[in-house]
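Chemist: Before I ask anything, let me first share the structure, which is written out below as structure tokens.
Protein chains: 2
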Amino acid sequence: MLGLMQDTELTVDRILTHAATWHADREIVTREASGEITRSSFGAVHALAKRVSAALLRDGVQQGDRIATMGWNSARHLAAWYGVTNIGAVLHTLNPRLFLEQIAYIANHAGDRLLFADPMCAATVAQLLPHAPGIEKVVFLCDAATLPKTDYSAIAFDDWIADTGDDAAWGGFDERSACGLCYTSGTTGNPKGVLYSHRSNWLHANMTLQADALALSARDNVLMVVPMYHANSWGIVYSAPMVGAKLVLPGPKMDGGSIYRLIEDEGVTYSAAVPTVWQGLLQYIKSIGGKFSTLQRVTIGGSAVPESLVRTFRDDFGVDVVQGWGMTETSPLATMSSPSAEVAAMDADAQVAYKVKQGRLICGLEFKLIDDAGQRLPFDGRTPGRLMIKGPTIASAYYGGEGGDILDEEGYFDTGDVSTIDARGYMQITDRAKDIVKSGGEWISSIEIENIAVAHPAVAIAAVIGIAHPKWDERPILLCQLTPGETAEGKEVLAYLDGKIAKWWMPDDVLFVDEIPLGATGKIDKKLIRTRLEGYSLPFVS
Amino acid sequence: MLGLMQDTELTVDRILTHAATWHADREIVTREASGEITRSSFGAVHALAKRVSAALLRDGVQQGDRIATMGWNSARHLAAWYGVTNIGAVLHTLNPRLFLEQIAYIANHAGDRLLFADPMCAATVAQLLPHAPGIEKVVFLCDAATLPKTDYSAIAFDDWIADTGDDAAWGGFDERSACGLCYTSGTTGNPKGVLYSHRSNWLHANMTLQADALALSARDNVLMVVPMYHANSWGIVYSAPMVGAKLVLPGPKMDGGSIYRLIEDEGVTYSAAVPTVWQGLLQYIKSIGGKFSTLQRVTIGGSAVPESLVRTFRDDFGVDVVQGWGMTETSPLATMSSPSAEVAAMDADAQVAYKVKQGRLICGLEFKLIDDAGQRLPFDGRTPGRLMIKGPTIASAYYGGEGGDILDEEGYFDTGDVSTIDARGYMQITDRAKDIVKSGGEWISSIEIENIAVAHPAVAIAAVIGIAHPKWDERPILLCQLTPGETAEGKEVLAYLDGKIAKWWMPDDVLFVDEIPLGATGKIDKKLIRTRLEGYSLPFVS
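Chains as they are written, first to last, in the working numbering: chain A, 1 to 542; chain B, 543 to 1084.
Quick look at the structure:
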């Protein structure tokens, strides 16, 4: 027997319409690439998005067509976004910071027909177009006056929508329809596309609005630092309009001074970004002896949050930090490090130990930890296992079937992370599964050793790699890039590690290198290190 | 093109499993009918619910079968609840405070097969059973020691589940499957059943967890005063376990002293109830010169919230009041009176005017106001219209097809209320549509006149009724029940109204009556008043 409730399709057009109906005048503030501050609103962006939809339909765009954007967070980008998704076309966000070959691969793989681009990206687009013949049109997210001069045909956004109407029909399709496409820059193989549905975006936004997640309200002024091309700005492109929060969009400039000015000028109460942005901001605010007038809380994600960041925000500036964890394949937010009742009752110092964990799972999602044989491991806070996740906001396959069947027989997606989960529900990532060092049947966390090694004053960057070993399968070695002007010897670094990690975790060798290679997203490129280490053999066999 | 996200069915069994996995030890505290405090937990209730499912399956219960409960809020009631819904049977909550004839009608209409009842309800059940032959079994929510002695066959809950296993399979069905059945005690015609789906309950819980709605967190200790038979305790049976909030269940005793003791003893931070419960509580706490040690905020709903209640809670006790509005057909919460950014910037006094409105719509739902011809009316805060609502948590039909097609051609459900909606999105109910007085093509709010009239010291209860009029269609008359020991004349009461309402709203007559009849839910029974007024004619025709 079915229930007798309305069959409303959860399509994201309803979100912008809700915001425009009940929060029409709520501001959307953009710092344009030029530095100029422009002011829009949910009402105005809704009207623009209607015109975008009309222009797309005029240009022959159909449901399911992929339309790309390459740009920073701005009101025009937001209008383009909803204009695409609300007629059932698929919004494909390109990360302008990727290498050209990756962008070209992704645009071709997605089959993008039209490209919205920031004027700043004009040169990248010039290089891209010869390699992406499917792109029929380029629309720059600007007015005629700021349209960049290009050798290729392009039109300014404001001109492109100038003579369209504002009555395009939105929605009216299955909530499981494709809504957005976002590629993960996998460290192995080609980038893979995650194809979000309207339903998954809606559910994710609702799940992350909980008090223990983003907790956004109509009274929040939200500085959306996390780029729209990073998994829908962690869903904030949907969750902020759902509640009528003011949006502040920083454009391309992410330095401490620029972010600080926006926070103060716009009365920002909440923001979300990766740790490096916050480190730059705190460095800046300290350099000027500043303080926050309105900022109350920040979500930090994208990589592990250092304890010092949590403490500085809280103790020096009275700002609450909640860590969020997820990945493109998880929409992205899956866990948040907000305190449980038990943790909230601890003293401030003890609470920090939980703030730096990746956090507790949002209801609707399920975790399991498994060993190499696929057997479940306990949630005891000690036993690391491969982290597997399932739920309505988790990918079931990659676009075009890349990577084949990505779920296990119980329907879980393999995050590629190795984690522990404690009895209070706090998940903590200990390593990437491919970086873990498997020694004598036990797992050694490369990240944990690296984190301790970089605390040595002479070590700027540290990388731990597993090297094949005839007896133990693998043994860890430590690569160090020294801080400029500093020197150190291997035994000195090992002595520094001694007592801080288990004896059997001690690296079998320490190599000093001029440069530890970093990938496009700033993470250590262990794949390249492994290539460079070809032919290396362990100094001794114990 | 469909998205590539997991097709997870949103069934409510996942909610209790989530709570039991991540908040196993979080307490569920019940004050039993005896006054004894018993302590359970999400882990323990999950285990009990598994046994309930096993016992139901053993007794031949199948998906879609209706299983009734008649009881107060308790851990056993909660276990019975999830035990029923999680195997796809339909949980039908009976309100033990209804008249016997209504209960019998409802139980027969629903086709209930099994009845879980509070021991306190043993006498009611005795009267009910001869009129409800479909009920095959009665299970009292107690242990063998407290099983009431009855002339009919019945078993104690603890005995009924004693020899079952705890491995019944949950979920695995369509999220649109029926989950719960709740009858509305309509003031016209027979009670009508709202058949919630798993999906609608899930979405409602998620929507109401927003910061601007219930804002529950894992750190909250929730006193669930609103009965489970009132539209799933306003969804709190689902939203509290979703976030791992502690649940405090008050059983049948709702007096101020009993509620106050629970709040203080259990560290309650949040509670939800109708205005009369809060008035009793505040009266009690003032009488003892008490204060709240932990209570931070309350949701008030079920009927309009008096301004004095908002002020007393805030100014005398530092407790924030948020009004919630909805009805059984809307799951129930649809609007919440949390401050918008603009309202939050007003002074404390001005904010109260918004706290007493019914509030702002939660994203996912849509409102329209219409006139008698079905034409849309503006959201200008002045123009009253029939309030129509649609969305995924709104009923599409009543159980058994009662009342026929209940949606208009645009899919909106008629709330039966007359409201205004202002430009800030605040909805305010001005009257029930059937009680509005239609005079000369304009609408006169009976409630507004009543609210002013009862402020006269001699008037205890006031009721305004529309009387047929040859020229104006209808004219209002005012019925007053005097405060004991007080006297008043009609012209005195009219003089009191003068200047406070529009001239043409002034009642054409004032009748003093010994008793203004109230219905089972404490609201003025205008249907009965109209019957009693048969033969009455207006004193003059102007």
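Cβ atoms here follow ideal geometry from the backbone N, Cα and C, with glycine treated the same way. Note that the structure is a prediction, hence the values are computed from the model and not measured.
1) Kindly identify the DSSP beta-bridge partner or partners of C363 of chain A.
2) Please say whether A995 of chain B and V1035 of chain B have beta carbons closer to each other than 8 angstroms?
3) Identify which residue in A:K491, A:G374, A:L407, A:A468 has its Cα closest to the Cα of R530 of chain A.
4) Can you confirm whether V276 of chain A, when its beta carbon is compared against all beta carbons of chain B, has any partner nearer than 8 angstroms?
5) For the stretch 785-797 of chain B, which residues have a beta carbon sitting closer than 9 angstroms to at least one beta carbon of chain A?
6) Leaving out five residues on either side along the sequence, give the residues of the same chain with a beta carbon under 6 angstroms from the beta carbon of A344 of chain A.
7) Taking only the alpha-carbon atoms, compute the straight-line gap between A1037 of chain B and P817 of chain B and give it to the nearest angstrom.
8) Assuming L1024 of chain B and A1000 of chain B form a contact by the criterion Cβ under 8 angstroms, report the distance between their Cβ atoms to the nearest whole angstrom.
9) Quick check: is the beta carbon of Q210 of chain A nearer than 8 angstroms to any beta carbon in chain B?
10) What span of residues does the alpha helix (DSSP H) with D700 of chain B cover, start to end?
11) Does the beta-carbon of Q900 of chain B have 16 or more other beta-carbons within 10 angstroms, so that it is buried, or is it exposed?
12) Less than 8 angstroms between CB atoms is the rule here; does Q821 of chain B satisfy it with respect to chain A?
13) Going by DSSP in three states, S1084 of chain B sits in which element: helix, strand or coil?
14) Are there 16 or more other CB atoms within 10 angstroms of the CB of F641 of chain B, so buried, or fewer, so exposed?
15) Going along chain B, which residues have a C-beta under 8 angstroms from K368 of chain A?
16) What residues in the stretch 8-32 of chain A have a beta carbon less than 9 angstroms from any beta carbon of chain B?
17) DSSP on F658 of chain B, reduced to helix/strand/coil?
18) Under 8 angstroms by Cβ, that's how I've got C179 of chain A and V321 of chain A pegged, so tell me the actual separation to the nearest angstrom.
19) Going by beta-carbon coordinates alone, are L128 of chain A and A107 of chain A separated by less than 8 angstroms?
20) Counting only Cβ pairs nearer than 9 angstroms, list the residues of chain A close to P881 of chain B.
21) Could you compute how far the alpha carbon of Y152 of chain A sits from the alpha carbon of I263 of chain A?
22) On the criterion of 16 or more Cβ atoms from any shown chain inside 10 Å, does W1046 of chain B qualify as buried, or is it exposed?
23) Got a sec: which bits of the stretch 662-686 of chain B sit with their beta carbon under 8 angstroms from any beta carbon on chain A, in order along the chain?
24) With a threshold of 16 other CB atoms inside 10 Å of the CB of T877 of chain B, please say whether the residue is buried or exposed.
25) Under the rule that 16 or more other beta-carbon atoms within 10 Å means buried, what is S775 of chain B, buried or exposed?
26) Using CA coordinates, which residue listed in B:A1002, B:P848, B:F715 is at the minimum distance from D1056 of chain B?
27) Threshold first: 3 residues or longer. Then list the beta strand (DSSP E) segments lying entirely within the stretch 903-986 of chain B, N to C.
28) Could you check where the beta strand (DSSP E) with A720 of chain B kicks off and where it finishes?
29) Rounded C-beta distance between A211 of chain A and I362 of chain A? I'm assuming under 8 angstroms.
30) Starting from the C-beta of G653 of chain B, find all residues in its chain whose C-beta is less than 7 angstroms away, skip the five residues before and the five after it, and write them out in chain order.
31) Answer yes if the stretch 725-745 of chain B comes into contact with the stretch 182-201 of chain A, meaning at least three C-beta pairs across the two stretches below 8 angstroms, and no otherwise.
32) Between the beta-carbon of D973 of chain B and the beta-carbon of V960 of chain B, is there less than 8 angstroms?
33) For S829 of chain B, count the other beta carbons within 10 Å of its own beta carbon; 16 or more makes it buried, fewer makes it exposed. Which is it?
34) Between the C-alpha atoms of G585 of chain B and L599 of chain B, what's the straight-line distance to the nearest angstrom?
35) Using 8 angstroms as the limit for Cβ to Cβ distance, is M749 of chain B near chain A?
36) Strictly by DSSP, which residues pair up with K246 of chain A?
Modeler: Checking against the coordinates, here is how it stands:
1) A:L365
2) yes
3) A:A468
4) Looking at the sequence provided, one finds Thr at residue 276 of chain A rather than Val. It does not; no Cβ of chain B falls within 8 angstroms.
5) V785, G786, A787, K788
6) none
7) 30 angstroms
8) 6 angstroms
9) yes
10) 699-702
11) buried
12) no
13) The predicted model places S1084 of chain B with a pLDDT of 44, which falls under 50 and marks its position as unreliable, so this point remains unresolved.
14) exposed
15) By Cβ distance, chain B contributes nothing, its closest Cβ being about 10 angstroms from K368 of chain A, past 8 angstroms.
16) T8, E9, L10, R14, I15, T17, H18, A19, T21, W22, H23, A24, D25, R26
17) strand
18) Not a contact, Cβ separation roughly 30 angstroms.
19) yes
20) S217, A218, R219
21) 38 angstroms
22) exposed
23) none
24) buried
25) buried
26) B:A1002
27) 908-912, 927-932, 955-963, 969-974, 979-981, 984-986
28) 720-726
29) 12 angstroms between Cβ atoms; not a contact.
30) R608, G676
31) no
32) yes
33) exposed
34) 21 angstroms
35) yes
36) A:N221
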